[in-house]
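First the structure, in the form of structure tokens, and then the observations on it.
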Amino acid sequence: MKVRLKVSIVLFLMLIWISTTTYESSAQVVWMDGGLVGDLMISGTNEYQELCFITGEPVLLKGTVKLPTIPTGSDKYSLKYTFALSNASKGITLTRDITFDVTKTANSGIGQTAYEQKLSKYTETITTGAGTYTLGKYTFNESKLEDNTPAVNYFSGNIISERTYYLNGDYLNNEGYVTYVIDAKPIVGYDHLYGNNETIVVSQEIQSATPNSSYDPSVYGSKEYTIWTGTVDIGMSSTKSVSYLYQNTDPQSISFRGNYFQVTSEENVLTYKYSLPYLSGGKVDTTSSKRNTGDVHMSKDVVLESKALVTPKIRDIGGHWAEKEIFLLTSLEVFDVEKEYFVPSGVISRLDFGKAMVVATHGILPEPTSTQVIKRMRPGVETPYLDILVTDPDYHYIEYIKQNNIMAGKNGYFKGGETLTRAEAITIMIKALGLEYMAPAPPYNTSFTDDAAIPEWAKDYIYMANEIGLVSGTPEGYINPNKAVTKAEAAAMINSFINHLKDYITYDYREKILNR
21 MKVRLKVSIV LFLMLIWIST TTYESSAQVV WMDGGLVGDL MISGTNEYQE
71 LCFITGEPVL LKGTVKLPTI PTGSDKYSLK YTFALSNASK GITLTRDITF
121 DVTKTANSGI GQTAYEQKLS KYTETITTGA GTYTLGKYTF NESKLEDNTP
171 AVNYFSGNII SERTYYLNGD YLNNEGYVTY VIDAKPIVGY DHLYGNNETI
221 VVSQEIQSAT PNSSYDPSVY GSKEYTIWTG TVDIGMSSTK SVSYLYQNTD
271 PQSISFRGNY FQVTSEENVL TYKYSLPYLS GGKVDTTSSK RNTGDVHMSK
321 DVVLESKALV TPKIRDIGGH WAEKEIFLLT SLEVFDVEKE YFVPSGVISR
371 LDFGKAMVVA THGILPEPTS TQVIKRMRPG VETPYLDILV TDPDYHYIEY
421 IKQNNIMAGK NGYFKGGETL TRAEAITIMI KALGLEYMAP APPYNTSFTD
471 DAAIPEWAKD YIYMANEIGL VSGTPEGYIN PNKAVTKAEA AAMINSFINH
521 LKDYITYDYR EKILNR
């Protein structure tokens, strides 16, 4: 049997409408049994649905979940979730209260953060036609390691879990029990300026045991319990992302011809593949060798926010091959939006590219306060680079570049006014992604025709940029590492960088894992 269920909402964006509603949470898989988080309701809870297998058949439960706000800046905090679910036609209800205690331990020396998540409270009751299953015991531990890079925080983790429900009773007195043993594949995910993701794949082994009324200990082979077993493979992924919607303006008497809207949405994907006992007359038949197998695919899309971006008024990009990229990046204020002329054919300086990468990875930096300016001007304070003065108007951007190792400088000097080469640009982007350590051990050659022209310090970065599809070179196979980068080329490169964050990483972390 194969079941496919698609739950979606129609996204109709009125182009004159701007939502002021915000959603304070990261994309998250809220529970290891799988489940789809839906729209936020007036009550403050979210729509929620999951499959329940405790009776031996897949039953879709729908209801609500109360989600916590995930705090930022705290090393220790608690997260509480409350579920209320049911299926009226099957006569099943579920209530679940869970509280996680989270501890973060940062290692600033290597830019990593370890998370440990423990269940400090877990109560669950499932009422069925056969009676009430009450959670009696459980083990649970979740840990993950987050690698913090300038552009992306990547993480990987694991779950160890087992739990037992007792039917119409407790450990000492009951009419049977059901045990779940959880084997979790690595939890993976990321968090960056344009969204975040968490993807989990778990395998559940379910064993149900009910007392055998005809059990006779004096009879050889007589069994005390009637047992059925099942397996469920669950894939869960929650992704928060942004997209950019361009809107033309129709009136002739208007001062701008169009602008972008940034639309933030969340997509939850859930897959089940199960092998359960055969059902006869709606009841489990433990004598049959047949199995009840199937696949269930569910998804839910929720629009969280839509906001208008500024519109640049640039005179010299109309009809240019990079017009779209330049217009979007100036709308995002990655490049200066106040200038009338972009000069796309002009070369870009190291400073301008560095500032653009800071905004593309982190966002616009706030202007320094008077106190911060006074502190940096005190005697003995070292500037980020030897050629940077404390009075430099871009000091806070250059300081950020240094602190986050986005650009190495040249012998202690920033050299912000020098033109940028393609090798330098590619190095900066891969440094921001933290992927240089994934290159092979030297010596090796890249696939580019002009490999010999690649500076040794740039080889790992260019190799990895090619590996992930961030750069591809010319049709003839040249990467031209020492060529100066024009402003139009810089816009195209940073646009490709942002698309990698927005789109390719999502595919890498979701489709490639869930469709294995």
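Residues 21 to 536 in the numbering used here are what the sequence shown spells out, letter by letter.
Backbone N, C-alpha and C define an ideal beta-carbon position, used for all residues, glycine too.
Here the structure is a predicted model, which is why all the values come from computation and not from measurement.
query, result
"Pairwise C-alpha distance: Ile488 and Tyr529", "13 Å"
"Cα-Cα separation between Arg335 and Ala342, rounded to whole angstroms", "14 Å"
"Asp121 versus Pro170, Phe347, Lys138 and Tyr235, residue with shortest Cα-Cα distance", "Lys138"
"Chain-order list of residues whose beta-carbon lies under 6 Å from that of Lys86 (same chain, five-residue window excluded)", "Thr65 and Thr102"
"Check whether Phe373 and Ile448 have beta carbons under 8 Å apart", "yes"
"Identified DSSP bridge partners for Gly151", "Thr148"
"Cβ shell of Thr199 (< 6 Å), same chain only, five flanking positions each side left out", "Thr184 and Gln227"
"CB contact flag (Lys14, Ser261, <8 Å)", "The chain is shown from 21 up to 536; residue 14 falls before or after that span and cannot be answered."
"Neighbour flag for Tyr245 against chain D, beta carbons, 8 Å", "Absent here is chain D; the protein component of the structure consists of one chain."
"Nearest-angstrom Cα separation, counted from Ser140 out to Glu77", "30 Å"
"Cβ shell of Ser516 (< 7 Å), same chain only, five flanking positions each side left out", "Leu490"
"Rounded distance between the beta-carbons of Ala452 and Thr381, thought under 8 Å", "5 Å"
"Collapsed DSSP secondary structure at Ser568 in the structure displayed", "Nothing about residue 568 can be reported from this structure: the residues present for the chain run from 21 to 536 only."
"Residue environment, Ser273, which counts as buried when at least 16 other CB atoms sit within 10 Å", "exposed"
"Cβ-Cβ distance between Ser163 and Glu136 below 8 Å", "yes"
"Runs of alpha helix (DSSP H) lying entirely within the region 355 to 383, each at least 4 residues, in chain order", "370 to 381"
"Where Gly129 falls, given that 16 or more other Cβ within 10 Å makes a residue buried", "exposed"
"Thr306 vs Thr246 beta-carbon contact at 8 Å", "yes"
"Where the beta strand (DSSP E) containing Glu419 begins and where it ends", "Where Glu419 is concerned, there is no enclosing beta strand (DSSP E), although the alpha helix (DSSP H) it sits in stretches over Tyr415 to Gln423."
"Residue nearest to Tyr483 in terms of C-alpha spacing, selected from Lys344, Pro462 and Ile74", "Pro462"
"Run of the beta strand (DSSP E) containing Met256, from where it starts to where it stops", "Tyr245 to Asn268"
"DSSP beta-bridge partners of Pro297", "Arg311"
"Coarse secondary structure for Thr350, derived from DSSP in three states", "helix"
"Spatial distance of Gly83 from Gln69 (CA atoms)", "6 Å"
"For Arg183, the residue or residues it bridges with in DSSP", "Tyr158 and Tyr200"
"Rounded separation between Tyr210 and Glu166 - CA only", "8 Å"
"For Ile446, the first and last residue of its enclosing alpha helix (DSSP H)", "Arg442 to Leu453"
"C-alpha distance - Val252 paired with Gly314, whole-angstrom precision", "10 Å"
"Where Phe517 falls: helix, strand or coil (DSSP)", "helix"
"Chain-order list of residues whose beta-carbon lies under 8 Å from that of Lys96 (same chain, five-residue window excluded)", "Asp121, Val122, Thr123 and Lys124"
"Per-residue burial, Gly400 [other beta carbons within 10 Å of its own, 16 or more giving buried]", "exposed"
"At least 3 beta-carbon pairs within less than 8 Å: the region 463 to 481 vs the region 319 to 331", "no"
"Separation of Asn425 from Leu114, as counted between CA atoms", "50 Å"
"Inter-residue CB distance, Asn161 and Ile180 (contact presumed, cutoff 8 Å)", "5 Å"
"The beta strand (DSSP E) enclosing Lys124, as first and last residue numbers", "Ile112 to Asn127"
"Ile514 vs Val354 beta-carbon contact at 8 Å", "yes"
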